[in-house]
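Comments concern the structure below.
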Amino acid sequence: VSLPAAVAQGDANRPGVVVLDTTGFWRMHHTLRPPVIQLDSGPQPMDLRWHHPSGGRVLKTFRWASRETPPPPKDWAQVRFDDSTWLRGPARMSCLTPFLSRLCMRGRFRVTDPSRVKNLRLGVSYRGGVIVYLNGKEVARHDLPRGAAGKGLVAKGYAPEAFTPMNGWNGKRSRYLQLETEADIALRRRSADIPIPSGLLRRGVNVLGLEIIRAPYHKVVEEKKGKRGSRYCPYALAFNTCQID
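In the working numbering, the protein residues as written are -4 to 240.
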């Protein structure tokens, strides 16, 4: 995340300055729900239980996996919203998990004279889809249906190749952390360069809101269920589909 701006000064323009980035302090809210798979019949929550081969008895399960956490208040992107109870830290301190369905982030910056701010732009990389707000007003969305909202909202899906685990579907599962290759990142990371309207700036504190929405897992993950899963989860979840990069 970076928010560079060129600030007019007299007859000359100063070089652009970054007013927000991933290393600065953000307030973050995580909404957790079971991962979703895009089947031919529509998006469906994953069944994270290991079943007996007969299809009956459950062998292993996460009892907490089907529990959802509360969403943020509806006015979370407004300037005067009290985010003091939210997690505070650099943007990449947000949790990394396939259970993350929605990540809401608030970044503050101060403007002394809005009329002098020109060419304000946001560069953001993410997994899933993104909605951008300035002082409570939506200014852009990418990889999401236009105007759609609500609990069932999901981002545009990924190609099946994006979900291939390291060493392939027939390879051996590693016991250690698996790093993404450049090819993996190219398939999974999405980026946007967004102009931010200066007319929405206010004198004093301004709030940039980012809302990352999960993308569904491809049906190939369901088709390969049990093939590369762990002892705790029958699915091979190669990457998180809701994440700030």
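Each residue gets a CB set at the ideal place from its N, CA and C atoms; glycine is no exception.
Cα-Cα separation between residue i and residue j, rounded to whole angstroms
i, j, result
"L174", "R122", "16 Å"
"L98", "K113", "29 Å"
"P66", "H25", "8 Å"
"K219", "I191", "42 Å"
"V74", "I126", "16 Å"
"V134", "A233", "32 Å"
"K132", "G147", "21 Å"
"S79", "D35", "42 Å"
"T176", "F158", "13 Å"
"T249", "Q238", "Look at the range of the chain in this structure, -4 to 240, and you will see that residue 249 is not part of it."
"D70", "M23", "14 Å"
"L203", "D179", "30 Å"
"P140", "V200", "30 Å"
"G221", "P160", "13 Å"
"F76", "V215", "41 Å"
Spatial neighbours of residue i in its chain, beta-carbon cut-off 7 Å, leaving aside the 5 residues before and after
i, result
"A144", "none"
"R28", "E63, F94, S96"
"E156", "L182"
Close beta carbons around residue i, own chain, < 8 Å, minus the five adjacent residues each side
i, result
"V31", "P38, Q39, P40, M41, S96, V149, R209, P211, Y212"
"Y153", "L182, R183, A210, H213, T236"
"R198", "V106, T107, D108, P109"
"R116", "L(-2), P(-1), A0, D188, I189, P190, I191"
Residues near residue i in its chain [Cβ-Cβ closer than 6 Å; skip 5 each side]
i, result
"S120", "R184, S186, D240"
"A72", "Y128, G131, G204"
"G102", "L15, W21, L203"
Residue from the options with nearest C-alpha to residue i
i, options, result
"G19", "R87, L27, D70, W71", "R87"
"L43", "Y230, Q238, P140", "Y230"
"R136", "S(-3), E206, L15, L27", "E206"
"D138", "M100, L203, P68, K151", "K151"
Local conformation of residue i per DSSP, three classes
i, result
"K132", "strand"
"P40", "strand"
"A187", "strand"
"V31", "strand"
"D78", "coil"
Write down every uninterrupted run of the alpha helix (DSSP H) in the stretch 201 to 238 whose length is 4 residues or greater and which is fully enclosed by it, in chain order.
Considered as a whole, the stretch 201 to 238 harbours 214 to 218 as its complete alpha helix (DSSP H) runs of no fewer than 4 residues, in chain order.
In chain order, what are the residue ranges of uninterrupted beta strand (DSSP E) at least 3 long that sit wholly in the stretch 80 to 154?
Runs of beta strand (DSSP E) with 3 or more residues, each lying fully within the stretch 80 to 154, are found at 82 to 84, 95 to 106, 116 to 122, 124 to 129, 132 to 137, listed in chain order.
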